[in-house]
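Under the UniProt record's numbering, residues 1 to 122 are what the sequence shown spells out, in order. Here a beta-carbon is modelled for each residue, glycine too, at the ideal position from N, C-alpha and C. So the structure is just underneath, and the comments pick up after that.
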Amino acid sequence: MIEVEIKVKISDPNLIRKKFDINGVYKLSLHHEDIYFNMPKGLRDFKQTDEALRLRKSVEFNRDSKKVAQKINYFITYKGKKIDKTTKTREEIEVKINEIDDMKNLLKILGFREVFTVIKER
1 MIEVEIKVKI SDPNLIRKKF DINGVYKLSL HHEDIYFNMP KGLRDFKQTD
51 EALRLRKSVE FNRDSKKVAQ KINYFITYKG KKIDKTTKTR EEIEVKINEI
101 DDMKNLLKIL GFREVFTVIK ER
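See the structure below:
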């Protein structure tokens, strides 16, 4: 799959959120915990090649009751180098997995190195 991301500057984010709320766009909230990995030392460096390997825990909440998780999913994702300078267009391969801890251990056994974690609320 090819992923295309376009970032747009918004002068009044609160106005946009309010319009989305009125139209029912924001029914769900997402919490993402992303762990990024790099290749074993001596092999290619994802930072240098503009690639990424990520494990993601995705927790879905109803917006009204954020304390209660509706669904939890786990993914392993490879992102290729950007193929367009205007947008963030790149190859993306994402596979749903059942056990994030087992996958994390497998990557470490294979020599992959955990480099950083990103937590996002969407």
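**Report entry** Cα-Cα separation between Asp50 and Gly80, rounded to whole angstroms
**Finding:** The C-alpha of Asp50 lies about 7 Å from the C-alpha of Gly80.
Report task. Reducing DSSP to helix, strand and coil, say where Thr49 ends up. Result -> In the three-state reduction of the DSSP assignment, Thr49 falls in the helix class.
Query raised in the report: Are Val4 and Thr89 touching if we call contact CB-CB under 8 Å?
Result: In terms of Cβ geometry, Val4 and Thr89 form a close pair [threshold 8 Å].
Requested in this report: Please state if the CB of Leu28 and the CB of Val59 are separated by a distance shorter than 8 Å.
Outcome: With contacts defined as CB atoms closer than 8 Å, Val59 and Leu28 fail to qualify as a contacting pair.
Report task. Work out the CA separation of Thr86 and Val115 for me, nearest whole Å. Result -> When rounded, the distance between both Cα atoms is 27 Å.
Requested in this report: Starting from Lys120, trace the beta strand (DSSP E) both ways and give me its first and last residue.
Outcome: Unbroken beta strand (DSSP E) run through Lys120: Arg113 to Glu121.
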